[in-house]
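Here the structure is laid out as structure tokens; the discussion comes afterwards.
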Amino acid sequence: MRAVRIEEFGGPEVLAVSEVPDPVPGPGQVLIRIAAAGVNRADALLRAGSYHAAGRPPLIPGAEAAGTVAALGEGVTGFRIGQPVMALDGGDNPGFYAESAAVAATQVTALPDGLDLTAAAALPIAWLSAWNCVRALARVAQGETVVVKAAASGVGTAAVQIAAEAGARVIALAGSPEKAAWAGEFGAAETIDTSRFTDEGEVGEVLRLTGGRGADVVLDTVGGQSLRRSLRETAHGGRVVSLANVALEPSTLDTRDFYPKNIAILGFQLTNRQIHGYDPRSDLREIAERVAAGRYRVPVETVLPLERAREAHERLESRDNRGKIVLSAR
Ligand SMILES: NC(=O)c1ccc[n+]([C@@H]2O[C@H](COP(=O)([O-])OP(=O)(O)OC[C@H]3O[C@@H](n4cnc5c(N)ncnc54)[C@H](OP(=O)(O)O)[C@@H]3O)[C@@H](O)[C@H]2O)c1
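Residues in the sequence shown are numbered from 404 upward in steps of one, following our numbering.
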């Protein structure tokens with residue numbers, strides 16, 4: 404089969420398609436004929452050799468995909484050949500930038516009728532993470548104010564919609580006037596173009612929009628110095644969910660920015676949550692049903708063939724993408 408295989412760590416140029424042996428499903432595994440694979444920041448870190456959970460090359464990147472069931476390994480029940488499914492890496496790097504992948508059946512979720520495979524490939528990481536952060540960790544309630552950082556991103560567009568659906572007033576932050584306006588279309592009450600502000604300015608703007616009180620919840624994928632701002636943007640008794648460090652810089656915190664306000668800082672990491680017992684399937688199924696029913700919109704801005712994986716990573720790392728980038732494997 405064709406797969407994007409990294410022979411050595413490096414820049415986007417190391418993403419080249421080669422012919423590799425067809426995967427064979429082992430006991431407990433499902434062989435998926437992949438239609439589309441989602442592209443994520445973690446893939447870029449894996450490619451560069453700086454992802455905490457990566458092995459050594461040769462490696463096939465890709466941690467989420469959608470396609471159809473092609474074969475079942477020993478002991479697998481509950482699926483039929485040809486069934487549309489989506490799959491998620493549970494920590495063993497099945498490698499979804501490929502025409503097929505063998506993946507543990509526990510990582511495979513059947514799709515509801517009417518869900519497009521390209522949209523489905525964008526759900527397992529960004530949407531499942533946003534779902535967990537908004538609902539399970541922050542427990543966003545009706546009438547609360549939620550700040551979503553990098554709201555035009557894959558995770559951000561999902562978080563805005565899930566928080567708005569929970570009845571929250573969402574303030575969407577993004578790094579250009581265009582991205583901020585676009586992110587606002589997913590149900591945000593207010594938007595902030597962060598390129599207009601210094602650090603202090605961003606905090607001041609959130610406080611202004613919340614009558615000086617701060618937000619009940621801040622979802623922070625940016626990390627680094629953004630986390631310090633997030634604490635200052637949070638109201639008394641609020642929650643900050645920290646789930647990434649796109650900035651790739653350390654966070655310097657002042658404890659006085661959070662303990663006097665009785666703020667909870669909640670960490671989230673999807674793969675480790677699974678390794679520690681979280682089964683993603685029922686949440687993924689619920690998200691997919693809502694997408695199929697038209698309750699959520701999944702913005703896939705770019706679809707490229709496997710051969711153009713390099714461009715997909717360049718686009719993601721340019722910071723210009725709005726919503727998800729997906730590789731098509733058919
Ligand atoms: N913990 C988990 O389990 C988990 C799960 C899913 C994703 N993640 C992580 O969450 C982050 C967001 O994922 P995503 O899919 O939404 O990513 P994405 O679509 O690539 O968006 C990332 C956005 O972050 C913003 N950003 C702010 N500062 C940045 C900087 N210094 N460099 C680059 N971008 C910067 C940019 O938006 P603006 O220009 O609008 O600021 C950028 O578009 C990634 O780091 C990803 O690995 C973590």
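Backbone N, C-alpha and C define an ideal beta-carbon position, used for all residues, glycine too. If you're wondering where the values come from, they're calculated on a predicted model, not measured in any experiment.
Rounded to whole angstroms, Gly493 and Val706 show a C-alpha spacing of 24 Å. Across the set Arg711, Ser721, Arg722, Asp723, the C-alpha of Arg711 shows the shortest separation from the C-alpha of Val729. A distance of 8 Å or more separates the beta carbons of Asp596 and Arg635. Residues Ala406, Val407, Ala440, Ile463, Pro464, Gly465, Leu709, Ala712, Leu730 of the same chain have their beta carbon placed closer than 7 Å to that of Tyr500, with the five preceding and five following residues left out of the count.
Secondary structure of His716 (DSSP, three-state): helix. Minimum Cα-Cα distance from Glu547 among the listed residues Ala638, Ala473, Gln628, Thr594 corresponds to Ala638. In the DSSP assignment, Gln432 forms a beta bridge with Ala507. Put simply, the segment 550-559 does not touch the segment 669-685. Fewer than three CB pairs are less than 8 Å apart. Between Val506 and Ile435, the C-beta gap is smaller than 8 Å, which places the two residues in contact. Here the segment 526-546 does not lie against the segment 597-614, with fewer than 3 beta-carbon pairs under 8 Å apart. Between Ala567 and Gly590, the C-beta spacing is below 8 Å. The straight-line gap separating the alpha-carbon atoms of Val694 and Ala592 is approximately 21 Å. Taking a 10 Å sphere around the C-beta of Ile528, we find 16 or more other C-beta atoms and assign the residue as buried. Checking the 7 Å criterion, the Cβ of Phe661 is out of range of every heavy atom belonging to ligand 1.
Just so you know, the alpha carbons of Glu588 and Gly557 end up roughly 14 Å apart. Scanning its chain for C-beta atoms nearer than 8 Å, with the 5 sequence neighbours on each side dropped, one finds around Ala451 the residues Phe412, Gly413, Gly414, in chain order. Excluding the 5 residues flanking it on each side, Ala523 has same chain C-beta neighbours closer than 7 Å at Ala469, Met489, Leu514, Ala691, in chain order. The beta carbon of Val703 sits closer than 7 Å to those of Thr521, Ala522, Ala525, Gly726, Lys727, Val729, all from its chain and outside the five residues before and after it, given in chain order.
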